Amino acid sequence: MLGTPTITYKKDNVVLEGTPRDAETYTASITLGEGNNTATASVSYTIIRTSPFCGTIKWVDGGKDHTGTTPPALTLYQNGDPVTNVTLRWNKNNTIFTYEDLRVNDESGVPYIYWVIESCCSSNSMRIRSSQ
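Numbering (the working numbering), first residue to last: 467 to 598.
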């Protein structure tokens, strides 16, 4: 008979009450069985803090050539490197953009710096605000 599984969460070998939610590294252990037939499996995992990144497109010419039907092509950069495989959403006028679930910092806790450039015209100005 397996019995009811027991799940334990630890941080730095200290047993926690409840399920962790903060951006840290934890160990989760599940124990099954009873008496001499008990087995435990453990795994270490990290909760990564993420944040959306939002900005507003502001055309130097006031957007007179922009119809609002097609969003501009943007390139997102993280510490100088282009970022791919991210979700980009636009408002209905294609003037406000939001990148979802970007990592806030690296494994050492150093914050990432993000910026966006319109792919066709890097001279176009953009007002960028971080939600953090």
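Cβ atoms here follow ideal geometry from the backbone N, Cα and C, with glycine treated the same way. These numbers come from a predicted model, not from an experiment.
In angstroms with no decimal places, state the Cα-to-Cα distance between residue i and residue j.
i, j, result
"N503", "I513", "32 Å"
"L482", "A494", "10 Å"
"S508", "S517", "29 Å"
"W556", "I496", "42 Å"
"Y565", "F519", "5 Å"
"K476", "V570", "23 Å"
"N560", "K524", "11 Å"
Can you tell which of the options has the C-alpha that lies nearest to the C-alpha of residue i?
i, options, result
"N545", "S510, V576 and K558", "V576"
Which residue marks the beginning of the beta strand (DSSP E) containing residue i, and which one marks its end?
i, result
"V582", "Y580 to E584"
"R515", "It is not in any beta strand (DSSP E) - R515 carries neither H nor E in the DSSP assignment."
Consult DSSP for residue i and reduce its assignment to one of helix, strand or coil.
i, result
"N571", "strand"
"G501", "helix"
"E566", "strand"
Look at the Cβ atom of residue i, then the Cβ atom of residue j, and state whether they are nearer than 9 Å.
i, j, result
"E500", "G469", "yes"
"D567", "V552", "yes"
"T541", "E573", "no"
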